[in-house]
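Chemist: My structure is below; once you've seen it, I'll send some questions.
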Amino acid sequence: MKLGRVIGTIWATRKDDRLESRRMLLVQPMSFRGRDLGRPITALDSAEAGAGDLVIFTTASEAAIPFRPGLTPTDATVVGVVDRVDHEEWTFVAGG
Amino acid sequence: MKLGRVIGTIWATRKDDRLESRRMLLVQPMSFRGRDLGRPITALDSAEAGAGDLVIFTTASEAAIPFRPGLTPTDATVVGVVDRVDHEEWTFVAGG
Amino acid sequence: MKLGRVIGTIWATRKDDRLESRRMLLVQPMSFRGRDLGRPITALDSAEAGAGDLVIFTTASEAAIPFRPGLTPTDATVVGVVDRVDHEEWTFVAGG
Amino acid sequence: MKLGRVIGTIWATRKDDRLESRRMLLVQPMSFRGRDLGRPITALDSAEAGAGDLVIFTTASEAAIPFRPGLTPTDATVVGVVDRVDHEEWTFVAGG
Amino acid sequence: MKLGRVIGTIWATRKDDRLESRRMLLVQPMSFRGRDLGRPITALDSAEAGAGDLVIFTTASEAAIPFRPGLTPTDATVVGVVDRVDHEEWTFVAGG
Numbered sequence: 123m124k125l126g127r128v129i130g131t132i133w134a135t136r137k138d139d140r141l142e143s144r145r146m147l148l149v150q151p152m153s154f155r156g157r158d159l160g161r162p163i164t165a166l167d168s169a170e171a172g173a174g175d176l177v178i179f180t181t182a183s184e185a186a187i188p189f190r191p192g193l194t195p196t197d198a199t200v201v202g203v204v205d206r207v208d209h210e211e212w213t214f215v216a217g218g
Numbered sequence: 123m124k125l126g127r128v129i130g131t132i133w134a135t136r137k138d139d140r141l142e143s144r145r146m147l148l149v150q151p152m153s154f155r156g157r158d159l160g161r162p163i164t165a166l167d168s169a170e171a172g173a174g175d176l177v178i179f180t181t182a183s184e185a186a187i188p189f190r191p192g193l194t195p196t197d198a199t200v201v202g203v204v205d206r207v208d209h210e211e212w213t214f215v216a217g218g
Numbered sequence: 123m124k125l126g127r128v129i130g131t132i133w134a135t136r137k138d139d140r141l142e143s144r145r146m147l148l149v150q151p152m153s154f155r156g157r158d159l160g161r162p163i164t165a166l167d168s169a170e171a172g173a174g175d176l177v178i179f180t181t182a183s184e185a186a187i188p189f190r191p192g193l194t195p196t197d198a199t200v201v202g203v204v205d206r207v208d209h210e211e212w213t214f215v216a217g218g
Numbered sequence: 123m124k125l126g127r128v129i130g131t132i133w134a135t136r137k138d139d140r141l142e143s144r145r146m147l148l149v150q151p152m153s154f155r156g157r158d159l160g161r162p163i164t165a166l167d168s169a170e171a172g173a174g175d176l177v178i179f180t181t182a183s184e185a186a187i188p189f190r191p192g193l194t195p196t197d198a199t200v201v202g203v204v205d206r207v208d209h210e211e212w213t214f215v216a217g218g
Numbered sequence: 123m124k125l126g127r128v129i130g131t132i133w134a135t136r137k138d139d140r141l142e143s144r145r146m147l148l149v150q151p152m153s154f155r156g157r158d159l160g161r162p163i164t165a166l167d168s169a170e171a172g173a174g175d176l177v178i179f180t181t182a183s184e185a186a187i188p189f190r191p192g193l194t195p196t197d198a199t200v201v202g203v204v205d206r207v208d209h210e211e212w213t214f215v216a217g218g
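Chains as they are written, first to last, in our numbering: chain A, 123 to 218; chain B, 123 to 218; chain C, 123 to 218; chain D, 123 to 218; chain E, 123 to 218.
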């Protein structure tokens, strides 16, 4: 799982039926020290994350698990909103 | 999920039976700012996407989900045609 | 799914039982403009592909789908032999 | 599977229900010679690993297997704490 | 699937129950011309491979298939010991 920040929303009217009513977020992957890492990706939301939230997202086939028993064709899903990271050398508190 | 643009079609007569009657699209991955990213890939179509459409495509095993209950050996599938992207700093409207 | 060319065959007598009687091909990944991309990979065959054929291959877990209902430990499978690619700027005809 | 070292813990109150009561570890991937490789990742724990432990972690969809029959949206899980590595040229003993 | 050489063994007493009694090999990925490619990985063994063997290994979720019906949290498994590679320009015979 990786760390990221919600930076936008994607809208698509014509889409696979199994994506109906799913929110598609634009997420900027980040390092645990707060730097942007590479390009934004599109992820479904399973943690009621909103704009600006620091989040944990899951990729690959596990990304579809939060929407089971339904089958959802996603390969990236936001699964948690981060409160705090306790590193052996530092502590990061979201919104702190 | 990633952003791309449909730039062509692939034709293959001799193929795995489970790909019969599936459209194979040539998709150019793109950044959310409209630049080409890396090389085109081949993706099946699950959103009635056509040439020139800006699309969202799913990779890895979730790419086979739109074709369930059948089993389809695809690792990339177009799952939506993008209308609009609301980034925190800008808005992108397809065809706008 | 990616484009490649069949450039050889791999032989292994001692192997996982589930690979018995499966052909293992050596495939050179290629760009849609015909250039070699990176290193050859090993893929099972599900399209009766032969030496020199231009092929489409699937990676990740979908690579095992052509061999269902059996379970086959492959992460790359040739699923189609390409006849033609219609790009918006050019057309490629195999063997043409 | 890859080698890493546990360097911290991630806390998230608002998260997917299926992650409730799972420990999220911050793991620094390492080479078999003890050097850091790339950036830390977030992994669930299935081996009672603690801070500083040298561990083996699994990625992709197998990462969800330790939590079966439940379905858990993780793409990285610590599955073992390493005691020793016997390389053909050297032996590494953890904590040695 | 990729080519590699068995260069060692990993020992872990404290581990996920589903890895009990599985051999964990240290495998150096190799090119089909015999050069080392990148860093060693850890793979389970499903082909009775031993130190020094030239092997084919499978990654991603198919790596768990050799151990079915049990569920095993591995993302890399040795599935064959290579005898010979017939490339269009050369032939490689293991141990030759």
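Ideal Cβ positions, reconstructed from N, Cα and C, are used throughout, including at glycine.
What residue from E:ALA165, E:GLY130, E:GLY126, E:VAL149 has the CA that sits closest to ARG206 (chain D)'s CA?
Modeler: What you label residue 206 (chain D) is simply residue 84 of the fourth sequence in a count that begins at 1. Comparing Cα-Cα distances from ARG206 (chain D) to each of E:ALA165, E:GLY130, E:GLY126, E:VAL149, the minimum goes to E:GLY130.
Chemist: Taking buried to mean at least 16 other C-beta atoms within 10 Å of its own C-beta, is VAL149 (chain B) buried or exposed?
Modeler: By 1-based counting over the second sequence, the position of residue 149 (chain B) is 27. Flag for VAL149 (chain B) reads buried.
Chemist: Nearest-angstrom Cα distance between LEU176 (chain E) and ILE187 (chain A)?
Modeler: Reading the fifth sequence from its first residue, position 54 is the one you call residue 176 (chain E). Reading the first sequence from its first residue, position 65 is the one you call residue 187 (chain A). About 37 Å.
Chemist: Give a yes or no on whether the minimum CB-CB distance between VAL203 (chain B) and chain A is below 8 Å.
Modeler: Stepping through the second sequence from its first residue, residue 203 (chain B) is reached at position 81. Interface residue, yes.
Chemist: Grouping DSSP H, G and I as helix and E and B as strand, with all else coil, what is ASP138 (chain A)?
Modeler: Translated into the one-based positions of the first sequence, residue 138 (chain A) becomes position 16. If DSSP states are grouped into helix, strand and coil, ASP138 (chain A) belongs with coil.
Chemist: Are the C-beta of SER143 (chain E) and some C-beta of chain C separated by less than 8 Å?
Modeler: For the purposes of this step, residue 143 (chain E) is taken as residue 21 along the fifth sequence, with counting starting at 1. No, SER143 (chain E) lies away from the interface with chain C (no Cβ there is under 8 Å from its Cβ).
Chemist: Which chain A residues are close to THR199 (chain B), counting only those with a beta carbon under 7 Å from its beta carbon?
Modeler: Here residue 199 (chain B) is taken as the residue at index 77 of the second sequence, counted from 1. Per Cβ cutoff of 7 Å: PRO195.
Chemist: Below 9 Å between beta carbons is the criterion; list the residues of the stretch 134-165 of chain A that meet it against any residue of chain B, in chain order.
Modeler: Listed by position, the residues of the stretch 134-165 of chain A near chain B (Cβ gap below 9 Å) are ALA134, THR135, ARG136, LYS137, ASP138, ASP139, ARG140, LEU141, MET146, LEU148, ARG161, PRO162, ILE163, THR164, ALA165.
Chemist: With DSSP run on the structure shown, which of helix, strand or coil describes PRO151 (chain A)?
Modeler: As a working note, residue 151 (chain A) is residue 29 in the first sequence. In the structure shown, PRO151 (chain A) sits in a strand (DSSP, three-state: E or B).
Chemist: Is the shortest distance between the beta-carbon of VAL207 (chain E) and the beta-carbons of chain C less than 8 Å?
Modeler: Numbered from 1 along the fifth sequence, position 85 holds the residue referred to as residue 207 (chain E). So yes, VAL207 (chain E) belongs to the interface.
Chemist: From the DSSP secondary-structure annotation, give me the bridge partner or partners of ILE163 (chain C).
Modeler: Start at 1 with the first residue of the third sequence, and residue 163 (chain C) comes out as number 41. Partner(s): C:VAL149.
Chemist: Candidates A:ILE163, A:ARG127, A:LYS124, A:ASP158: which alpha carbon is nearest THR196 (chain A)'s?
Modeler: Indexing the first sequence from 1 puts residue 196 (chain A) at position 74. Of the listed residues, the one whose Cα sits closest to THR196 (chain A) is A:ILE163.
Chemist: When you check each C-beta in the stretch 167-179 of chain C against every C-beta of chain B, which residues fall closer than 7 Å?
Modeler: Listed by position along the chain: SER168, ALA169, GLU170, ILE178.
Chemist: Using the DSSP secondary-structure output, state which residues sit across from ILE129 (chain B) in a beta bridge.
Modeler: Within the second sequence, residue 129 (chain B) is the residue found at index 7, counting from 1. Answer is none; ILE129 (chain B) lacks a bridge partner.
Chemist: Considering only the alpha carbon of each residue, which of B:SER153, B:LYS124, B:ASP138, B:ARG127 lies closest to THR180 (chain C)?
Modeler: The residue you call residue 180 (chain C) lines up with position 58 of the third sequence. It is B:ASP138 whose Cα lies nearest to the Cα of THR180 (chain C).
Chemist: Sort out for me which residues DSSP pairs ALA198 (chain C) with in a bridge.
Modeler: By 1-based counting over the third sequence, the position of residue 198 (chain C) is 76. Paired residues: C:THR181.
Chemist: Counting only the same chain and skipping the five closest in sequence on each side, list residues whose C-beta sits under 6 Å from that of MET123 (chain C).
Modeler: Within the third sequence, residue 123 (chain C) is the residue found at index 1, counting from 1. Excluding positions up to five away in sequence, the list reads ILE178, THR180.
Chemist: Do the CB positions of VAL200 (chain B) and ALA173 (chain B) come within less than 8 Å of each other?
Modeler: Counting from one through the second sequence, the residue named residue 200 (chain B) turns up at place 78. Counting from one through the second sequence, the residue named residue 173 (chain B) turns up at place 51. Contact flag unset, no.
Chemist: To the nearest whole angstrom, what separates the beta carbons of THR213 (chain A) and ARG140 (chain A), a pair I think is in contact under 8 Å?
Modeler: Translated into the one-based positions of the first sequence, residue 213 (chain A) becomes position 91. Translated into the one-based positions of the first sequence, residue 140 (chain A) becomes position 18. The pair is not a contact, with the Cβ atoms about 40 Å apart (cut-off 8 Å).
Chemist: For chain E, is any of its Cβ atoms less than 8 Å away from the one on GLY130 (chain C)?
Modeler: Position 8 of the third sequence, counted from the start, is the residue given in the question as residue 130 (chain C). Yes, GLY130 (chain C) counts as interfacial toward chain E.
Chemist: Give the residues of chain A in contact with ARG190 (chain B), contact being defined as C-beta atoms less than 8 Å apart.
Modeler: Within the second sequence, numbered from 1, the residue matching residue 190 (chain B) stands at position 68. Those within 8 Å of ARG190 (chain B) in chain A are LEU193.
Chemist: Pull up the distance between the alpha-carbon of VAL204 (chain C) and that of GLY192 (chain A), whole angstroms please.
Modeler: The sequence position of residue 204 (chain C) within the third sequence is 82, counting from 1. The sequence position of residue 192 (chain A) within the first sequence is 70, counting from 1. Distance between the alpha carbons of VAL204 (chain C) and GLY192 (chain A): 34 Å.
Chemist: CB GLY202 (chain E) to CB ARG136 (chain C), shorter than 8 Å?
Modeler: Stepping through the fifth sequence from its first residue, residue 202 (chain E) is reached at position 80. Stepping through the third sequence from its first residue, residue 136 (chain C) is reached at position 14. Contact flag set, yes.
Chemist: Give the straight-line distance between the Cα atoms of ARG127 (chain A) and LEU159 (chain D), rounded to the nearest whole angstrom.
Modeler: On the first sequence, residue 127 (chain A) is found 5 positions in, with the first residue counted as 1. On the fourth sequence, residue 159 (chain D) is found 37 positions in, with the first residue counted as 1. ARG127 (chain A) and LEU159 (chain D): Cα-Cα distance of roughly 23 Å.
Chemist: Please work out which residues of its chain come closer than 8 Å, Cβ to Cβ, to LEU147 (chain C), disregarding the five sequence neighbours upstream and downstream, and give them in chain order.
Modeler: Working through the third sequence from its first residue, we reach residue 147 (chain C) at position 25. Closer than 8 Å at the Cβ level, and outside the excluded window around LEU147 (chain C), lie VAL128, GLY130, THR131, ILE132, THR164, ALA165, LEU166, ASP167, ALA171, VAL200.
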